[in-house]
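Student: My structure is below; once you've seen it, I'll send some questions.
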Amino acid sequence: MMMGRFALLLLAFASLQLFCVADDDNNDDDVVFYESFEESFEGRWIVSNKDDYKGLWKHSKSKGHEDYGLLVSEKARKYAIVKVVDEPVSLKDGTTVLQFETRLQSGLECGGAYIKFLRPQEAGWKPEEFDNESPYSIMFGPDKCGTTNKVHFIFKHKNPKNGEYVEHHLKYPPSVPSDKLTHVYTATLKRDKEVKIMIDGEEKKKANLLVAEDFDPPLIPAKTIPDPDDRKPEDWDDKEKIPDPNAVKPDDWDEDAPMEIEDEEAVKPEGWLDDEPEEIDDPEATKPEDWDDEEDGVWEPPKMYNPKCAIAPGCGEWKRPMKSNSAYKGKWSPPLIDNPNYKGVWKAREIPNPNYFELDKPDFEPIAAIGIEIWTMQEGILFDNIVIAKNEKVAKSYRETKWKPKFEIEKERQQAEEEASGLDFLESIKRKVFNALYQIADIPFLSNYKPQILDHIKKAEKQPNLTMGVLVSTVAIILTIFLKLIFGGKNQCPRIETKPVPVVAETSDDQGSDGEKVEKAEKNEAAAAARRRRRET
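Following UniProt numbering, the numbering of the sequence shown begins with 1 at its first residue and continues without gaps.
Written out as structure tokens, the structure is:
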């Protein structure tokens, strides 16, 4: 019996130890800041009173959830709001995790959804006057507009030699998810100078704060710089090629010959209607009742395409088509030869960089406030569950308990809506292909080509009647670049031509019977065919 009691006591003690260890992994002291927005932000967050920032913030539920967040409620506005933390957060020692959720409920064509982690107010800013000039230590989060599609990670660092603060941008950052679901963004700064970017708990980018290849400009400046006072000698010849001074224009070179000439062999097509104009007055048009000739001028009926021209090879005065002139040579210029006086490309001599310094680790300014300062063309951006922690496990626990349940519900709803719409298969395939293309564009060795690739993807996404041909062409471009990088040597970044995609316009005009609409469509098609025939002749 004594042995049994001793065993129970030992088991209880061991369980208590395990509980303490487990509790220690998620210690409240590891959570430096947490904002759930379950309560209204008014009275706790400070909205900027600057004139430029007229956007209206709202305390609102996320669509389809009972969970509240901070909502960007109006489109085409600037927004600025800030929350001062109780105690400044040091970034110099240990691990620091910056995490928040954002949901682009109306999509994001042009705008930002990032957060600025601000320096202490002693740096020269006030919460009531928070704006884009307010000094921050780190800016982190999604930004999308035109060819810009990235999750920013930017830190400002003071140069100890000249006292200037410099922005250092993460190179080759990940792209922003293209859907309208809730996503969680995590930036982890570690004591070994590493920064890790995650989206939805999945690592997307890892970089070293001190490595020149990871940030632009590098944190550690170059040891030498070109001498700003050095000047190129007057007799320095940097032209590699020069016109051949001994070259003479050939006697048979005709500079006046035109590039194109009339095709003398062309014959007017049979049935061409010389006396019929291409456009005629619309016989069904009537003068509006409220038309005032004195104020509005003499009313003229609108023009329409002549239906007689649709069934004929063409209308109006026939002219012979132009063709290329075989005798055309253009302006003569002497051929280029090697320059005997060529000295190479001149460069200023290198001198020691007066602003050069070395560091074992970044000397970050502390975080004293959290600010959202954005300009966006879309409303519906929702911020939620902002976390600053000193433990990665704490950030993970918030992702698992706060973000993941919402995300799973949204994915299920999205899938159900796609199935109900009847476009589930095609839309699902397109979304998967686009997501894959954005991930391919994030590959570092494609960085020089990323703007062209993103531009092509965005143009394809905007087409209302997207064909698989567009997707295949995009993949083909990426594969071409890939092959050029492997087999093409140090080639220049290729120019990517994007052909227009045929768009079938949708209209809400219900006037006229179906027969009239079909007849009108057939006339338009016939007219287009006639125009093509005329161009060919």
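The beta carbon of each residue, even a glycine, is placed where N, CA and C say it ideally should be.
Could you check where the alpha helix (DSSP H) with residue 417 kicks off and where it finishes?
Tutor: Here residue 417 refers to the residue found at position 417 of the sequence shown. Its alpha helix (DSSP H) spans residues 404–421.
Student: State the Cα-Cα distance for the pair residue 391 and residue 70, rounded to the nearest angstrom.
Tutor: By one-based count along the sequence shown, residue 391 stands at place 391. By one-based count along the sequence shown, residue 70 stands at place 70. Approximately 25 angstroms, taken between the alpha carbons.
Student: Quick one: Cα of residue 25 to Cα of residue 38, how far?
Tutor: As a working note, residue 25 is residue 25 in the sequence shown. As a working note, residue 38 is residue 38 in the sequence shown. Bear in mind that a pLDDT of 46 at residue 25, under 50, signals an unreliable position, so the model cannot answer this.
Student: Kindly indicate which three-state DSSP category residue 435 falls into: helix, strand or coil?
Tutor: In the sequence shown, the residue the question calls residue 435 occupies position 435. In this structure, residue 435 counts as helix in the three-state DSSP scheme.
Student: If we require 3 or more residues per run, which beta strand (DSSP E) segments fall completely within the UniProt region "Disordered" (218–305)?
Tutor: As far as the UniProt region "Disordered" (218–305) is concerned, its whole beta strand (DSSP E) runs of at least 3 residues are 224–226, 241–243, 260–262, 279–281 and 303–305.
Student: Could you spell out where the alpha helix (DSSP H) holding residue 116 opens and where it closes?
Tutor: Reading the sequence shown from its first residue, position 116 is the one you call residue 116. First-last for residue 116: 115–118, but that is the beta strand (DSSP E), not the alpha helix (DSSP H).
Student: What runs of the beta strand (DSSP E), each 3 residues or longer, lie entirely inside the stretch 355–387?
Tutor: Fully enclosed beta strand (DSSP E) runs of 3 or longer: 367–376.
Student: Could you say which of 87, 347 and 372 lies nearest to residue 233 if we only look at CA atoms?
Tutor: Along the sequence shown, one-based indexing puts residue 233 at 233. Measuring from the Cα of residue 233, the nearest candidate turns out to be 347.
Student: Just checking, does the stretch 80–95 make contact with the stretch 39–52 on the three C-beta pairs under 8 angstroms criterion?
Tutor: Yes: the two stretches touch, three or more of their Cβ pairs being nearer than 8 angstroms.
Student: Can you tell me which of 154, 113 and 89 puts its alpha carbon nearest to the alpha carbon of residue 100?
Tutor: Along the sequence shown, read from residue 1 onward, the residue named residue 100 stands at position 100. With distances taken between Cα atoms, residue 100 lies closest to 113.
Student: Just reading off the beta strand (DSSP E) that residue 324 is part of, what are its end residues?
Tutor: Position 324 of the sequence shown, counted from the start, is the residue given in the question as residue 324. Start and end: 322–324.
Student: Consider the C-beta atom of residue 226 and the heavy atoms of the ligand COA; say whether any pair is separated by less than 7 angstroms.
Tutor: The ligand COA is not part of the structure shown, which contains no ligands of any sort.
Student: Grab me the residues of residue 221's own chain with a C-beta within less than 8 angstroms of its C-beta, minus the 5 sequence neighbours each way, in chain order.
Tutor: Taking the first residue of the sequence shown as 1, we reach residue 221 at position 221. So the list reads 159, 353, 355, 356 and 357, once near-sequence residues are dropped.
Student: Below 8 angstroms CB to CB, which residues in the same chain sit around residue 563 once its five sequence neighbours on both sides are set aside?
Tutor: Since the first residue shown for the chain is 1 and the last is 537, residue 563 is missing from the structure and cannot be characterised.
Student: Taking the C-alpha atoms as reference points, what is the distance between residue 156 and residue 456?
Tutor: In the sequence shown, counting from the first residue as 1, residue 156 sits at position 156. In the sequence shown, counting from the first residue as 1, residue 456 sits at position 456. Answer to the nearest angstrom: the Cα atoms are 33 angstroms apart.
Student: Ignore the nearest five residues each way along the sequence and tell me which others in residue 201's own chain have a CB closer than 6 angstroms to its CB.
Tutor: In the sequence shown, counting from the first residue as 1, residue 201 sits at position 201. Only 399 meet the Cβ criterion.
Student: In the DSSP assignment, the alpha helix (DSSP H) including residue 394 goes from what residue to what residue?
Tutor: By 1-based counting over the sequence shown, the position of residue 394 is 394. Segment 392–398, the alpha helix (DSSP H) holding residue 394.
Student: Quick check on the burial criterion: 16 or more other C-beta atoms within 10 angstroms. Buried or exposed for residue 291?
Tutor: For the purposes of this step, residue 291 is identified with residue 291 of the sequence shown, where counting begins at 1. Exposed, since its Cβ has fewer than 16 Cβ neighbours within 10 Å.
Student: Comparing alpha-carbon positions, which option in 351, 393 and 73 lies nearest residue 223?
Tutor: For this step, residue 223 is matched to residue 223 along the sequence shown. When only C-alpha atoms are compared, the closest one is 351.
Student: How many Å lie between residue 246 and residue 349 at the Cα?
Tutor: Working through the sequence shown from its first residue, we reach residue 246 at position 246. Working through the sequence shown from its first residue, we reach residue 349 at position 349. Between residue 246 and residue 349, the C-alpha separation is close to 37 angstroms.
Student: Could you tell me the alpha carbon to alpha carbon distance between residue 184 and residue 339, rounded to whole angstroms?
Tutor: On the sequence shown, position 184 is the one that residue 184 refers to. On the sequence shown, position 339 is the one that residue 339 refers to. Approximately 60 angstroms between the Cα atoms of the pair.
Student: Which value, in whole angstroms, describes the spacing of the CA atoms of residue 22 and residue 137?
Tutor: Here residue 22 refers to the residue found at position 22 of the sequence shown. Here residue 137 refers to the residue found at position 137 of the sequence shown. Bear in mind that a pLDDT of 39 at residue 22, under 50, signals an unreliable position, so the number given afterwards is only what the model happens to contain. Spanning the two alpha carbons is a distance of roughly 33 angstroms.
Student: Do residue 452 and residue 109 count as a contact pair if the criterion is CB distance below 8 angstroms?
Tutor: Mapped onto the sequence shown, residue 109 falls at position 109. Mapped onto the sequence shown, residue 452 falls at position 452. Against a cut-off of 8 angstroms, the Cβ pair of residue 452 and residue 109 comes out as no contact.
Student: Using C-beta distances below 7 angstroms, list every residue in its chain close to residue 258, excluding the 5 sequence neighbours before and after it, in chain order.
Tutor: As a working mapping, residue 258 is identified with position 258 in the sequence shown. Cβ within range, chain order: 325 and 328.
Student: Would you call residue 267 buried or exposed, if buried means 16 or more other Cβ atoms sit within 10 Å of its Cβ?
Tutor: Reading the sequence shown from its first residue, position 267 is the one you call residue 267. Flag for residue 267 reads exposed.
Student: Leaving out five residues on either side along the sequence, give the residues of the same chain with a beta carbon under 6 angstroms from the beta carbon of residue 261.
Tutor: Residue numbering aside, residue 261 sits at position 261 when the sequence shown is read from its first letter. So the list reads 325, once near-sequence residues are dropped.
Student: For residue 270, which residues in the same chain have their Cβ closer than 8 angstroms to its Cβ, ignoring the five residues on either side in sequence?
Tutor: By 1-based counting over the sequence shown, the position of residue 270 is 270. Taken in chain order, the residues that qualify are 313.
Student: Let me know the secondary structure DSSP gives residue 338 once reduced to three states.
Tutor: As a first step, residue 338 must be located in the sequence shown, where it is residue number 338. Of the three classes helix, strand and coil, the one that applies to residue 338 here is strand, per DSSP.
Student: Is DSSP giving residue 308 helix, strand or coil here?
Tutor: Numbered from 1 along the sequence shown, position 308 holds the residue referred to as residue 308. Three-state result, residue 308: helix.
Student: Of the residues 212, 197 and 213, which one's Cα is nearest the Cα of residue 206?
Tutor: Stepping through the sequence shown from its first residue, residue 206 is reached at position 206. Taking only the C-alpha atoms, the option nearest residue 206 is 197.
Student: Pull up the distance between the alpha-carbon of residue 54 and that of residue 414, whole angstroms please.
Tutor: Counting from one through the sequence shown, the residue named residue 54 turns up at place 54. Counting from one through the sequence shown, the residue named residue 414 turns up at place 414. Their Cα atoms are separated by approximately 33 angstroms.
Student: Taking the alpha-carbon of residue 171 as reference, which of 190, 191, 145 and 219 has the nearest alpha-carbon?
Tutor: Along the sequence shown, read from residue 1 onward, the residue named residue 171 stands at position 171. The residue with the shortest Cα to Cα distance from residue 171 is 219.
Student: For residue 142, does the count of other Cβ atoms within 10 angstroms reach 16, so buried, or fall short, so exposed?
Tutor: Within the sequence shown, numbered from 1, the residue matching residue 142 stands at position 142. Flag for residue 142 reads buried.
Student: Distance check for residue 226 and residue 139, CA to CA, integer angstroms please.
Tutor: Start at 1 with the first residue of the sequence shown, and residue 139 comes out as number 139. Start at 1 with the first residue of the sequence shown, and residue 226 comes out as number 226. Between residue 139 and residue 226, the C-alpha separation is close to 31 angstroms.
Student: Kindly indicate which three-state DSSP category residue 389 falls into: helix, strand or coil?
Tutor: Counting from one through the sequence shown, the residue named residue 389 turns up at place 389. In this structure, residue 389 counts as strand in the three-state DSSP scheme.
Student: State the Cα-Cα distance for the pair residue 436 and residue 342, rounded to the nearest angstrom.
Tutor: Counted from its first residue, the sequence shown places residue 436 at position 436. Counted from its first residue, the sequence shown places residue 342 at position 342. Between residue 436 and residue 342, the C-alpha separation is close to 49 angstroms.
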